[in-house]
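A.B. asks: In my numbering, the protein residues as written are -14 to 123.
Just so it is clear, CB atoms sit at the ideal spot from N, CA and C, and this is done for glycine as well.
Remember, it's a predicted structure, so these values are computed and weren't measured experimentally.
Sharing a structure here in structure tokens format.
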């Protein structure tokens, strides 16, 4: 995924219930791990975010299996530059964190409730606290 011209490596850990929302709203839908080569002091920075149901655009009933699969697809394929439906993931720097937004370009006409525009907003990724050198080697 691009971050102001630099590529950021992304690792996604999806909840086993997807493409259905987990019953427990506190469980992460996805744990997002980022490795930014332009991190602190020009070294690697490892960041982590936990995508939960409260990050999703409302109403939650709009998040059908099709919409959740769409979210999974755009997050998985963004780095390839060929995200379906022209959807996109946007990364931006903020003090002490990286912010992730996901945008659906066009609503699916078959969906009972249309989801379009910013569907995941201000998902904050914070430093994971891992050593920048030793943990990358594992």
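Ordered along the chain, which non-local residues of its own chain (more than five positions away) have a Cβ less than 7 Å from that of residue 12?
C.D. replies: Excluding residues within five positions, the ones whose Cβ falls inside 7 Å are 0.
A.B. asks: Between the beta-carbon of residue 86 and the beta-carbon of residue 75, is there less than 7 Å?
C.D. replies: Yes; because the gap between Cβ atoms is below 7 Å, this pair is in contact.
A.B. asks: Can you tell me where the alpha helix (DSSP H) holding residue 61 begins and where it ends?
C.D. replies: Here the alpha helix (DSSP H) through residue 61 covers 50 to 62.
A.B. asks: Which of the three DSSP states is assigned to residue 29 in this structure?
C.D. replies: The answer is coil: DSSP assigns residue 29 none of H, G, I, E or B.
A.B. asks: Hey, how far is the Cα of residue 52 from the Cα of residue 32?
C.D. replies: Their backbone Cα atoms lie some 26 Å apart in a straight line.
A.B. asks: Among 108, 91 and 110, which residue has its Cα nearest to the Cα of residue 101?
C.D. replies: Nearest option by C-alpha distance: 91.
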